[in-house]
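Novice: Using the UniProt record's numbering, you'd call the opening residue of the sequence shown number 1 and step up by one each time. So that we are looking at the same thing, I have put the structure below in structure tokens.
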Amino acid sequence: MGAFIAKMLLPTISSLVFLPAASVAAKRGFHMEAMVYFFTMFFTAIYHACDGPGLSILCFMKYEILEYFSVYGTAISMWVTLLALGDFDEPKRSSLTMFGVLTAAVRIYQDRLGYGIYSGPIGTAVFMITVKWLQKMKEKKGLYPDKSVYTQQVGPGFCFGALALMLRFYFEEWDYAYVHSFYHVSLAVSFILLLPKKNRYAGTGRNAAKLNCYTLCCCV
1 MGAFIAKMLL PTISSLVFLP AASVAAKRGF HMEAMVYFFT MFFTAIYHAC
51 DGPGLSILCF MKYEILEYFS VYGTAISMWV TLLALGDFDE PKRSSLTMFG
101 VLTAAVRIYQ DRLGYGIYSG PIGTAVFMIT VKWLQKMKEK KGLYPDKSVY
151 TQQVGPGFCF GALALMLRFY FEEWDYAYVH SFYHVSLAVS FILLLPKKNR
201 YAGTGRNAAK LNCYTLCCCV
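Written as structure tokens, this is what we have:
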């Protein structure tokens, strides 16, 4: 019985892996991304807790609404992570972020289970990053960005991201609790790997922007 309950709670517990991702993002100066990860962690954990034994008291919203925000947060997390990887200049970065936030809200409202909820943001972001990097390579007449970005961030990050999506859409029928939990872990690791080591817009030294707990909690 205890093993059964633990298995039922596994998706809820595994949702907490987005908290280290939020912590790493905040440490690197990506405060908006940290708030998005925290938002995703909160609603994903509550959504799965509603399925768990004896935790229905945590369902402070309708189940459908919790499911919506869980999927929405995940899609936006993918979007802002890839935009951070692309290192777009302002105001393009802010405009693209808002574009993704608004379009994802409509798309996921229409369908929360289809491939398009994730393939749309990922495909669009990868296309824009590719165009930007090819333009930079043409200007520099060399590799852009550095080789280490491809070997330490892009390669491993996309591998974990691809693994997460494969688990999510193709293997959950094997054993939902375990497979979905590994999906959470793979996705969080992908976010951490894809985020650049430092946000050049966050400032340095005394001028560095800081994210406090009060601001972080306001995102939920």
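Every residue gets a Cβ at the ideal spot worked out from N, C-alpha and C, and that includes glycine. Just so it is clear, the structure is predicted and the values come from calculations on it, not from any experiment.
(1) Tell me whether the beta-carbon of Tyr144 lies closer than 9 angstroms to the beta-carbon of Pro11.
(2) In this structure, how does DSSP classify Glu139 when only helix, strand and coil are distinguished?
(3) For Arg93, name the three-state secondary structure that DSSP assigns.
(4) Ordered along the chain, which non-local residues of its own chain (more than five positions away) have a Cβ less than 7 angstroms from that of Gly120?
(5) Mapping DSSP to helix, strand and coil, what is Tyr144?
(6) Cys159 to Met78, Cα distance in whole Å?
(7) At 3 residues or longer, and completely inside the segment 96 to 128: list those beta strand (DSSP E) runs for me, N to C.
(8) Considering only the alpha carbon of each residue, which of Tyr37, Gly73, Phe42, Ala84 lies closest to Lys198?
(9) Within this structure, are the beta carbons of Ala21 and Met41 separated by less than 9 angstroms?
(10) In its own chain, which residues sit with a C-beta less than 8 angstroms from the C-beta of Cys59, not counting the 5 before and 5 after it?
(11) Compute the beta-carbon to beta-carbon distance between Val80 and Glu139, rounded to the nearest angstrom, for a pair I have assumed lies under 8 angstroms.
(12) If you measure between the beta carbons of Val126 and Leu82, is that distance less than 9 angstroms?
(13) How about Leu165 and Tyr118: are their beta carbons less than 9 angstroms apart?
(14) Report all residues from its chain with a CB closer than 8 angstroms to the CB of Lys132; omit the five preceding and five following residues, and keep chain order.
(15) May I ask which residues mark the beginning and end of the alpha helix (DSSP H) holding Pro20?
(16) Extract the residue ranges of the beta strand (DSSP E) inside the segment 41 to 90, only unbroken runs of 3 or more that lie entirely within it.
(17) Give the C-beta separation of Ser14 and Ser190 to the nearest angstrom, bearing in mind that I take them to be a contact with Cβ-Cβ under 8 angstroms.
(18) How is the alpha helix (DSSP H) around Tyr170 delimited, first residue to last?
(19) My assumption, with CB atoms under 8 angstroms, is that Phe43 sits in contact with Phe18. Please give the rounded CB distance.
(20) Using the C-alpha atoms, what's the distance from His184 back to Lys136?
(21) Note the first and the last residue of the continuous alpha helix (DSSP H) segment covering Leu193.
Specialist: Let me spell this out:
(1) no
(2) helix
(3) helix
(4) Excluding sequence neighbours, Gly120 sits near Arg107.
(5) coil
(6) 14 angstroms
(7) none
(8) Ala84
(9) yes
(10) Ile46, Ala49, Cys50, Leu66
(11) 26 angstroms between Cβ atoms; not a contact.
(12) Cβ distance < 9 angstroms, so Val126 and Leu82 count as in contact.
(13) yes
(14) Counting only Cβ-Cβ distances below 8 angstroms, and skipping sequence neighbours, we find Gly86, Phe88.
(15) 18 to 27
(16) none
(17) 14 angstroms between Cβ atoms; not a contact.
(18) 155 to 170
(19) Going by Cβ atoms, the distance from Phe43 to Phe18 rounds to 10 angstroms, so no, they are not a contact pair.
(20) 34 angstroms
(21) 176 to 194 is the extent of the alpha helix (DSSP H) around Leu193.
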